[in-house]
Amino acid sequence: MANDTITIYGAAPNHNTGPKVAYEVFTNQAVDGVLVHHKTVIYTNAQQVSGVQLAVQPLVNNPPVDPDDTNTAYKNATLTVSAANGVLNGASDPDTGDILSILWFQLPGDTTVYAAGQTANIAGVGTLQINADGSYVFTPAANYVGPVPVSTYTVTDGNGGLDTSTLTITMANNDPPIDGNEVETTPQGTPISKNVLSNATDPQNDPLSITGFVVGGTPYNPGDTATLPGVGTLLINADGSYVFTPLVTYTGAVPQATYTVSDGHGGVDTSTLDITITPHVPAAPASTPEDTPVPVTGVTIPPAGATVTTTVTVTNGTATVSTGGATVTGNGTSTITITGTPAQVNAALSGLTFTNTPDYNGPASVTITPDNGAAPQTVPIPVTPVVDVTDDARTTPLNTPVTIPVLANDSFENPARVISEINGQAVTVGTPITVTNGTVTVQADNTVIFTPDKDYTGTAQFTYTVSAGGVKETANVTVTVNGSTAAPTPVPVGGSLFGGLMVTLMAAWGMRNLRRRKP
C-alpha cells in the first residue's frame, strides 16, 4: 500500500480523550497496480485494543481500450502519420485523467521487442517506427509493392492498465501526378492571379498540392512570397493558386519559377511558371486627313496607386477626353490633366480624341504620362494633307489695277491663315512685288491687287502662297488685261460711215479717228 491513502469513515475520535488509531506500515505487492489482498486497521485507546477491525478497500484500475489500425502506403513514398492521426487516435480509457502512450511494438517472426521510438527493420520490406505519442513512420524499400507484416503494439495508461492492438499497412502502386508548364502574360503594372494546378491530373485521382517552389535559385515554402528585385512579387499557395504583382515600371520576362506537385503519396512532378509583362503600347490610329478628328484607341495606364494624376500632351493639335468620374482640366487643349483612380483615368482615356491644328498636316502625337511610376506612352498620329487652296482668274481693262480676294474660294480652317509669298517671294503687306507683266500688292485683309504694266494687254500670271497651321499651300492667279479702258462709242455722221466728216474706230492697236475728205 505504498503511496496509498487510507480513509477512515465514521465520527472522528477526540484527540485527547477518545480512542486513538494504531497503524501498521506494510508494503503491498501489487500486480499491474491492483491491490490483491486486505489488511486491517485496529482502533485502540491509551488503555486497550478496541477490537474493532476495518477492511481496507483495494485500489482498482481499468485498462485502456484501443481499436486496431489500418493504413495504406505507396510505392517509393514514406508514410508519415502524425500523433493526431496515429495509432492512439480512437483509443480511450475508462479512468479519468489517465494519459495513454505506446510502450512497445513487435513484428511477426522478429523476437525483438521495440521500445516506443525505436525503428524496426523489416527485411526486403522497409522500416517501421512507432512513437510513444502514437505517431508512426513507415518507409517502404525502393520499388517495393507487396505485403507488410502486421505489427503489434501495446498501449499503457501509466497506471498498469494495458491493451494490445495491431497496425496493418497495405502497399499500393502509385503513379505520379502529371502537370504541364504554365506560360502567362500580363499587361504592364497589372497583377495576375491563376492556379498552376488547373491543368494537373493524377492517375489515382489523388488530391494534389504544391510542396514548394524555387525562383532564382532560392527555395520557398507554399504560402511564402518571393520578392524579385526590380520585377515584383510572387506568391504560390499549397492549393496551386498564385498571385504575381509586377512593379509598374517593369516589362519583359519574369524570372522563371519551378514548383513541385505532390499527390501526398510520394508521387511528384516538377513544372515551371513563366510570366511575361507586356508594355502598354497602344496601336497607332490610321493616318487622318487634316482637320478631321480621330479617336486614339487602346490607351490605358497600369492599375497601380489609389489616386493617379495623368497628363495628356499633344503635339500639333489638341485633344479631348471623357470624364469617367475623374477630375479633368484643360480638356480640348494641347495639355490635359486627369486625376482619379486608375479605373477612372482609364475610363476618361477611353474617349481620347485628337484634332490637328487647323490646316496642319504632317507628324503629330499624343503622349500619356501617369505619375504612378509607369513609363510614358506616345502614340504617333500622321496627318495627311488636304488641298485648301484654289486657283483664281480675273479680267481687267488696259492700265487698270484689279483687286482679287484670292482666299474667298479657299477652304482653310485656320483663322490665322495669311498670304506669305507671291511667286515665292516673302510678302510685306502694302509693298508691291514685281511679277511678269505687272506688280502684286498684298493687303492686310489678304486680298491682292494686281497692277498691269502700262499699256500691257494680254494674260498675266503669278502664284500666291498661304501659310496656315504651320504648313504652306500655293495656288495660281491668272489675270487677263483687255486692250481698252472703256467700250468703243461709234459717232456716226449722217447716219453712216460716209455721211459725216469723222468716225471713230476701235482697233487692236487702239482708237483711231478717221476723216472723210470732202468731194
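In terms of our numbering, the sequence shown opens at residue 1272 and continues consecutively.
In this text, a Cβ means the ideal position worked out from N, Cα and C, and glycines have one as well.
To the nearest whole angstrom, what separates the beta carbons of residue i and residue j, a pair I think is in contact under 8 Å?
i, j, result
"A1575", "N1643", "5 Å"
"T1608", "T1582", "6 Å"
"L1378", "A1391", "6 Å"
"L1371", "T1425", "Not confirmed; about 11 Å, so no contact."
"I1652", "V1592", "Wrong, their Cβ atoms sit about 15 Å apart, outside the cutoff."
"G1611", "G1596", "6 Å"
"D1369", "G1432", "7 Å"
"A1524", "T1547", "5 Å"
"L1479", "D1534", "6 Å"
Go to residue i, then tell me how far its alpha helix (DSSP H) extends in each direction, as first and last residue.
i, result
"A1471", "Where A1471 is concerned, there is no enclosing alpha helix (DSSP H), given that its DSSP letter is neither H nor E."
"P1613", "P1613 to L1620"
Give a yes or no on whether the C-beta atoms belonging to residue i and residue j are separated by under 8 Å.
i, j, result
"T1626", "G1588", "yes"
"P1420", "V1384", "no"
"P1517", "V1486", "no"
"N1445", "I1481", "no"
"D1364", "D1428", "yes"
"A1554", "T1571", "no"
"N1717", "V1689", "yes"
"G1460", "A1645", "yes"
"T1586", "S1636", "yes"
"S1406", "A1354", "yes"
"E1453", "D1545", "yes"
"K1725", "N1680", "no"
"F1683", "A1618", "no"
"Y1345", "A1443", "yes"
"V1752", "T1667", "yes"
"G1701", "T1712", "yes"
"V1416", "L1350", "no"
"L1506", "T1496", "yes"
"K1743", "T1736", "yes"
Using CA atoms only, rank isn't needed, just tell me which of the options is closest to residue i.
i, options, result
"P1447", "V1748, T1710, T1531 and T1705", "T1531"
"P1647", "T1580, A1746 and S1593", "T1580"
"T1655", "G1494, T1751, T1441 and E1561", "E1561"
"T1529", "E1684, Y1491, S1436 and D1404", "Y1491"
"G1451", "S1464, S1542 and D1366", "S1542"
"P1338", "I1704, V1358 and T1349", "V1358"
"V1514", "Q1475, T1457 and T1559", "T1457"
"G1494", "V1502, D1510 and G1503", "D1510"
"E1692", "S1621, N1747 and I1546", "N1747"
"P1629", "A1354, D1434 and D1659", "D1659"
"T1802", "A1403, G1695 and G1633", "Because the chain here runs from 1272 to 1790, residue 1802 falls outside it and cannot be looked at."
"N1342", "G1417, A1471, V1416 and I1440", "I1440"
"A1731", "V1706, A1687 and V1737", "V1706"
"N1414", "N1670, T1423 and N1347", "N1347"
"L1678", "D1662, P1668, P1634 and T1666", "D1662"
"L1620", "T1666, P1573 and N1632", "P1573"
"V1502", "T1496, S1512, G1488 and V1519", "V1519"
"T1722", "V1742, R1665 and A1697", "R1665"
"A1386", "V1552, T1423 and T1640", "T1423"
"G1633", "P1672, T1559, S1533 and P1686", "T1559"
"T1640", "T1606, V1331 and Y1631", "T1606"
"T1728", "G1741, G1754, I1704 and T1734", "G1754"
Tell me the residue span of the beta strand (DSSP E) that contains residue i.
i, result
"P1723", "V1719 to P1723"
"P1653", "Q1648 to T1655"
"D1545", "V1539 to T1549"
"Y1491", "T1489 to Y1491"
"Q1400", "G1397 to I1401"
"A1687", "Premise fails: A1687 is in no beta strand (DSSP E) and is neither H nor E."
"G1483", "S1480 to V1486"
"Y1438", "Before going further, note that residue 1438 is Leu rather than Tyr in the sequence given. Here the beta strand (DSSP E) through L1438 covers L1433 to A1443."
"Y1530", "A1528 to S1533"
"A1664", "D1663 to T1667"
"I1449", "Segment: none, I1449 is in no beta strand (DSSP E) and carries neither H nor E."
"D1340", "D1340 to Y1345"
"A1362", "Element bounds for A1362: n/a, residue is neither H nor E."
"T1604", "Counting along the chain, T1604 falls outside any beta strand (DSSP E), and DSSP gives it neither H nor E."
"G1503", "G1503 to I1507"
"Y1407", "Y1407 to P1411"
"I1675", "V1673 to I1675"
In the DSSP assignment, what residue or residues form a beta bridge with residue i?
i, result
"S1353", "S1353 pairs with nothing; no bridge assigned."
"E1692", "A1697 and T1736"
"A1746", "Y1735"
"P1641", "T1581"
"F1625", "V1565 and A1590"
"K1465", "Y1513"
"V1713", "V1719"
"V1419", "Paired residues: none, contrary to the question."
"S1636", "T1586 and P1651"
"Q1377", "T1423"
Cβ of residue i within 7 Å of any heavy atom in the ligand SAM?
i, result
"G1460", "The ligand SAM is not among the ligands present in this structure, which contains no ligands whatsoever."
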